[in-house]
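Protein chains in written order, with this note's numbering: chain A, 33 to 227; chain B, 33 to 227. Glycine residues also receive a C-beta, built at the ideal position from the N, C-alpha and C atoms. This structure is a prediction, so every number in the text was calculated from the model and none was measured.
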DNA sequence: TGACCTGACGAACGAACGTTCGAGTATTGA
DNA sequence: TCAATACTCGAACGTTCGTTCGTCAGGTCA
């Protein structure tokens with residue numbers, strides 16, 4: 033039933049590479065097998081069901097998001113600086129080259145019906161952690177005195193997330209313009225929040 | 033090859049009803065046929081290919097969006113008031129009850145790989161008309177003196193669209209909170225743009 | 001009445017889907 | 001060295017996919 037760990041990791045990496053080209057709907061066992069050079073049954077044995085595979089892919093994407101965006105930004109102790117770092121890292125994450133589609137997590141959250149019910153719920157749940165995390169950083173920045181005391185942290189987080197989503201939506205037709213406008217929007221957001 | 037026009041319209045309406053539940057990936061000929069009570073071949077004859085069907089569904093969604101959001105707002109001659117109307121109508125469109133998923137156009141744009149290449153391009157193209165339209169209204173509001181002269185209309189449109197996307201993303205987990213925050217975000221956007 | 005045409009039908013096609021199973025082939029531990 | 005274990009394979013399952021085809025009822029107009 034269970035497969036070797038390195039092989040499993042290789043499968044998930046292939047899945048993440050395939051995802052921008054095929055989407056979750058096109059992430060079938062057969063196609064993923066031919067992509068990795070394995071047999072359908074050999075690949076399938078690592079997961080046991082389509083739902084488990086989808087959830088594993090979503091969690092793998094989340095792990096990479098954390099490693100690329102969340103964790104590096106935590107080097108900044110100063111919360112206002114950390115938020116600016118988060119914005120920059122997220123922007124790069126969303127528009128990094130060789131990416132036909134945006135963040136797999138965003139894709140998963142919007143194409144939820146293409147996924148199993150359980151996998152869709154997992155995607156939504158993982159994504160729903162982001163805005164509260166941003167709100168917490170903003171709240172901390174307020175107590176540190178960097179942000180004005182009457183700032184609505186939840187609204188700040190909402191706007192923060194909104195900019196990223198708009199980038200993801202526009203990056204497919206003009207990544208350059210999307211990034212440019214997002215930088216301006218983030219700058220505006222930070223300026224408005226400053227004490 | 034071609035089917036009767038009323039039947040075709042009935043099929044498209046069924047497709048739009050099914051879309052929030054099944055997504056584009058689940059919008060198969062067989063399922064749609066059983067939904068409408070027709071045979072697969074009878075339904076298929078109206079379109080001739082899966083791609084044509086998907087494009088027809090996307091265009092039907094766009095037509096309903098225009099009828100529900102764009103057109104009613106044009107009753108407002110005053111551009112600043114029209115933009116506020118657009119925000120309110122769009123917000124309702126995105127969170128109207130009985131809608132598991134947001135605007136089919138947003139869904140189509142993000143799950144594009146679940147669609148035929150051609151249909152995905154159609155969806156992206158239709159959606160890409162929105163931001164420039166908003167920018168044009170904002171530009172007009174500037175010349176009317178309602179908005180400040182140094183407003184970046186493209187950035188305004190970007191932020192406008194971003195709020196809607198964030199609503200669509202959050203509406204799946206908490207529609208009430210999403211709408212509430214979006215109203216605040218729109219108010220903030222309009223206040224910042226005012227002369 | 002008879003010749004059309006339209007629109008929907010049932011049956012069937014090859015392909016791909018998720019999934020199961022039993023047989024091989026390494027690698028391991030005693 | 002031998003048995004056990006871990007991993008992968010090919011073959012096959014039943015189902016559904018998009019698509020094609022021939023047929024047949026119902027209405028139109030001569």
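Environment of residue i [buried if 16+ CB atoms lie within 10 Å]
i             : result
residue 111/B : buried
residue 38/A  : exposed
residue 106/A : exposed
residue 33/A  : The predicted model places residue 33/A with a pLDDT of 44, which falls under 50 and marks its position as unreliable, so this point remains unresolved.
residue 10/B  : Residue 10/B is absent from the structure shown; chain B starts at 33 and stops at 227.
residue 54/B  : buried
residue 134/A : buried
residue 143/A : buried
residue 89/A  : buried
residue 159/A : buried
residue 109/B : exposed
residue 154/A : buried
residue 69/A  : exposed
residue 80/B  : exposed
residue 180/B : exposed
residue 203/B : buried
residue 225/B : buried
residue 223/A : exposed
residue 201/B : buried
residue 95/A  : exposed
residue 93/B  : buried
residue 217/A : buried
residue 219/B : exposed
residue 129/B : exposed
Chain A contact residues for residue i, given Cβ-Cβ distances below 8 Å
i             : result
residue 141/B : 201 and 204
Residue i - containing alpha helix (DSSP H), residue span
i             : result
residue 222/B : 185-225
residue 160/A : From DSSP, residue 160/A is part of no alpha helix (DSSP H); its letter is neither H nor E.
residue 83/A  : 82-97
residue 68/A  : 61-68
residue 124/B : 111-127
residue 45/A  : 37-54
residue 74/B  : 72-76
residue 142/A : 136-142
CB-CB length for residue i against residue j, believed under 8 Å
i             : j             : result
residue 194/A : residue 167/A : Incorrect: roughly 13 Å between the Cβ atoms, too far for contact.
residue 48/A  : residue 164/A : About 25 Å; that fails the 8 Å criterion.
residue 191/B : residue 147/B : Between residue 147/B and residue 191/B the Cβ distance is about 28 Å, and since that is not below 8 Å, they are no contact.
residue 139/B : residue 56/B  : 7 Å
residue 196/A : residue 126/A : 6 Å
residue 51/B  : residue 59/B  : 6 Å
residue 199/A : residue 118/A : Contact doesn't hold; Cβ gap of about 14 Å is too wide.
residue 188/B : residue 170/B : 5 Å
residue 227/B : residue 177/B : 6 Å
residue 41/A  : residue 83/A  : No, residue 41/A and residue 83/A are not in contact; Cβ-Cβ is about 19 Å, not under 8 Å.
residue 115/B : residue 173/B : 7 Å
residue 121/B : residue 104/B : 6 Å
Residue i: contacting residues in chain B (beta-carbon distance under 7 Å)
i             : result
residue 197/A : 194, 197, 198 and 201
residue 158/A : None at all; the shortest Cβ gap to chain B is about 11 Å.
Within chain B, the residues that residue i reaches when beta carbons sit closer than 9 Å
i            : result
residue 43/A : Those do not exist, as residue 43/A stays about 19 Å from chain B at its closest Cβ, beyond 9 Å.
* What residues in the stretch 54-71 of chain A have a beta carbon less than 8 Å from any beta carbon of chain B? -> 54, 55, 56, 57 and 58
* When Cβ atoms are compared, which residues of the stretch 161-194 of chain B fall closer than 8 Å to chain A? -> 163, 184, 186, 187, 190, 191, 193 and 194
* Can you give me, in chain order, the residues of the stretch 211-226 of chain B that have a beta carbon less than 7 Å from any beta carbon in chain A? => 213, 216 and 217
* Contact residues within the stretch 88-109 of chain A, judged by C-beta distance below 8 Å to chain B -> none
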